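Chains as they are written, first to last, in this note's numbering: chain D, 1 to 95; chain W, 1001 to 1686.
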């Protein structure tokens, strides 16, 4: 009885692990563009943070202007790189 | 039954071994076959969970069936053990608790492997690392700490019984909570190491594990608090924290985990502290394993450690492998962890996180040092020198107070930099409030309660209590000010009422405002702890009608009674409690004697108004006079500790909720740089 139960458990486990009816593909790699999109979201969130802290009176006017400028520059650089990567991708597909 | 249990554990080991080895091989191949191997490795991990689940079910069933042919059940259960404790048998001893560890780990792995579509490559790496940890625990269960080992010789008629200290309702939930926390840190560790191994671009692993980490942290917090509550209500010594090595073992990963929860925000927001964060999570996981080692190896003496055993060596080897693996991949791939920004100002949210991290690690180091000091002193000097609570308190309390100060100041600081002017402006009223609390505590008469009429100049402990009270008040006031300030901004934009605006504010950024609620919980916990130096005790042999006076209370013995259950016999004192000559309650401290284990246990009876706890213990009977000995403790403010824990857990749950969606409007007139329009401040969506 014990042997039968152990045998059945083994067969069930092997069947579950190795019986794969569908064809499998390798998962996609995380690309530089995807990473940049994440960074873009983070910078946007930082901008919202900054705006909110400014309105709540935690950031003085002078600091707000400099910090906002710096974040906007960072976002612009990220957007530019995303755009560049996307146009390269489009050119590669056409070519 | 025992044979099937042993077999399924062996099967689980084989499946986890496959999941680890073949999963790892597939990660280094980038061909069509690797997708198939990865899938089989994932499925093997899932199947191993089912196998461990079956093994656990067999052990619990054996406890319910009083199957004393299994040595583990014989040693940790008996026929008359109440049903909930039979279930708790699973984690009451060395072998069962390791099986429980393994069950939780495979359960976490199961959930993770089901969600693999989120990012197949990253999840495959994490799955392999979890399988490796699982292999270690299954090796232990198969060769060193076998839960299904059979009882030698004749089959016993009854079991040796469960330790009386564990026969308490909280013991049914305290270990699972603690274990869920311990084991849960494997998941962020696996993702962090996986991301480092594959040089994963970006911080997606942090987003994926954010909720895991918060849930794990919440469970560990809950487990530690339940342990303290159990110590208070079961051990009968009148305290809840004694710096016992096993208590410290649970605190260490909590400290580093808390540091991680703070510093990881800097990585998400600013791309900073990547190396620091990775190492914090490595260390947190290492401390979870180290804590398990401390509890089981017998290297340190503890009231709740398991017996000394040979499995300590296994843990030392495993810890060495973890350290070597982490160091190797860090050295090999450290270029991947380059920071994107640097600290811009010492007065900023980033720097407050950095300081809080340093303080958390300092407390962690002190606690670790004090715990290991007996072992280290024995190695170096040949004899054990034990350091007790006075050492831990004298070193950690100042650091903890500094942390409380940072908890108050942090929310007032803006990201990047804060001008001293705005800091002063935002800090003024909370500081005035905190100073008012300090003056109130000194100036009020002691008749108002144990903590009033403080004289901080008479004892350093009173000084610390006063500072703790003021800082706790500062935390509560600054958080309240944050909610008010944010609420006003929302109210100004939406026209809602202030309360409704503050609720909306919390809903729009649950993580931040849930975190603030956690801070309030911590402040309340400090309030609960600060009364400790003012504790008082009184002890007396009491005949009928005898009286003990303690603080404003008088305890008068009304009667003594005895009771008998199949599991234990007990003696109970019935004491009337008077305050100002008026009867306010009756307490029933109890002394139990457990039949199976032949061990006594004192069950205290506690009267807990918010001001102080009146904690009464039936210490036993005088052998000569036969009169009961009653010990009374007056512990100020303890209830605030438990309230603080509940608030902290509420804040954690709040932080887990998704943010409410916020309408985003683009500013047409602010194209600072070509192609970029800044998102405006959707109020409260910071």
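Think of the CB as a built atom: it goes at the ideal place given N, C-alpha and C, for glycine as much as any other residue. Quantities reported herein were computed from a predicted structural model and do not represent experimental measurements.
Candidates the options: closest to residue i by CA position
i              : options                           : result
residue 1313/W : 1622/W, 1290/W, 1337/W and 1418/W : 1290/W
residue 1165/W : 1216/W, 1602/W and 1457/W         : 1602/W
residue 1438/W : 1465/W, 1133/W and 1458/W         : 1465/W
residue 1458/W : 1154/W, 1657/W and 1533/W         : 1533/W
residue 56/D   : 1547/W, 1411/W and 1572/W         : 1411/W
residue 1366/W : 1338/W, 1400/W and 1004/W         : 1400/W
residue 1055/W : 1362/W, 1085/W and 1012/W         : 1012/W
residue 1386/W : 1093/W, 1394/W, 1376/W and 1207/W : 1376/W
residue 1608/W : 1433/W, 1232/W and 1168/W         : 1232/W
residue 19/D   : 1041/W, 1028/W and 1025/W         : 1041/W
residue 1097/W : 1583/W, 1333/W, 1238/W and 1141/W : 1141/W
Distance CB(residue i)-CB(residue j) smaller than 8 Å
i              : j              : result
residue 1519/W : residue 1407/W : yes
residue 1526/W : residue 1468/W : yes
residue 59/D   : residue 1422/W : yes
residue 1487/W : residue 1502/W : yes
residue 1107/W : residue 1191/W : no
residue 1481/W : residue 1430/W : yes
residue 1162/W : residue 1076/W : yes
residue 50/D   : residue 79/D   : no
residue 1766/W : residue 1451/W : What the structure shows of chain W is the stretch from 1001 to 1686, and residue 1766/W is not part of that stretch, so it cannot be assessed.
residue 1160/W : residue 1597/W : yes
residue 1415/W : residue 46/D   : yes
residue 1010/W : residue 1044/W : no
residue 1176/W : residue 1059/W : no
residue 1223/W : residue 1157/W : no
residue 1541/W : residue 1631/W : no
residue 1343/W : residue 1287/W : no
residue 1057/W : residue 1094/W : no
residue 1588/W : residue 1554/W : no
residue 1404/W : residue 1475/W : yes
residue 1085/W : residue 1003/W : no
residue 1105/W : residue 1133/W : yes
residue 1111/W : residue 1023/W : no
Residue i versus residue j: straight-line alpha-carbon distance, rounded
i              : j              : result
residue 1275/W : residue 1174/W : 34 Å
residue 1273/W : residue 1357/W : 11 Å
residue 1245/W : residue 1091/W : 19 Å
residue 1193/W : residue 1551/W : 56 Å
residue 1420/W : residue 1227/W : 43 Å
residue 1281/W : residue 1185/W : 8 Å
residue 1187/W : residue 1088/W : 25 Å
residue 1681/W : residue 1641/W : Because the pLDDT at residue 1681/W is just 46, under 50, the model does not fix this residue reliably, and the point stays unresolved.
residue 1373/W : residue 1381/W : 11 Å
residue 1265/W : residue 1196/W : 18 Å
residue 1537/W : residue 1634/W : 6 Å
residue 1202/W : residue 1052/W : 35 Å
residue 1299/W : residue 1647/W : 36 Å
residue 1338/W : residue 1319/W : 27 Å
residue 1124/W : residue 1268/W : 23 Å
residue 1561/W : residue 1574/W : 8 Å
residue 1046/W : residue 1136/W : 17 Å
residue 1073/W : residue 1083/W : 14 Å
residue 1657/W : residue 1212/W : 13 Å
residue 1316/W : residue 1310/W : 11 Å
residue 1340/W : residue 52/D   : 24 Å
residue 1517/W : residue 1651/W : 5 Å
residue 1396/W : residue 1247/W : 15 Å
residue 1490/W : residue 68/D   : 21 Å
Distance cut-off 7 Å: residue i Cβ against heavy atoms of the ligand ZN
i              : result
residue 1472/W : The ligand content of the structure shown is nil, which means the ligand ZN is not present either.
Beta-carbon separation (whole angstroms), residue i vs residue j, contact threshold 8 Å
i              : j              : result
residue 1600/W : residue 1591/W : 6 Å
residue 1565/W : residue 1655/W : At roughly 44 Å, the Cβ-Cβ gap does not stay under 8 Å, so residue 1565/W and residue 1655/W are not in contact.
>> Please identify, using Cβ separations under 9 Å, the residues of the region 1405-1420 of chain W that lie next to chain D, in order along the chain.
In response: 1412, 1413, 1414, 1415, 1416, 1417, 1418 and 1419
> Name the residues in the region 44-63 of chain D whose C-beta lies less than 9 Å from a C-beta of chain W; which are they?
Replying inline: 44, 45, 46, 47, 48, 49, 50, 51, 52, 53, 54, 55, 56, 57, 58, 59, 60, 62 and 63
> Name the residues in the region 1012-1025 of chain W whose C-beta lies less than 7 Å from a C-beta of chain D; which are they?
Replying inline: 1015
>> Tell me which residues of the region 1044-1075 of chain W have at least one Cβ-Cβ distance to chain D shorter than 9 Å, keeping chain order.
In response: 1044, 1046, 1047, 1048, 1050, 1051 and 1054
>> Counting only Cβ-Cβ distances shorter than 9 Å, please list the residues of the region 1258-1273 of chain W near chain D, keeping chain order.
In response: 1268, 1269, 1270 and 1271
> Taking Cβ-Cβ distances below 9 Å as the criterion, which residues of the region 1478-1508 of chain W are in contact with chain D?
Replying inline: 1482, 1485, 1486, 1488, 1489, 1492 and 1493
> Between the region 1523-1542 of chain W and chain D, which residues of the former have a C-beta closer than 7 Å to a C-beta of the latter?
Replying inline: none
> Between the region 5-21 of chain D and chain W, which residues of the former have CB atoms less than 7 Å from a CB of the latter, in chain order?
Replying inline: 5, 6, 9, 10, 13, 16, 17, 18 and 20
>> Any C-beta of chain D within less than 9 Å: which residues of the region 1203-1224 of chain W qualify?
In response: 1203, 1204 and 1207
>> If the cut-off is 8 Å on Cβ atoms, which residues from the region 1345-1360 of chain W count as contacting chain D, listed in chain order?
In response: none
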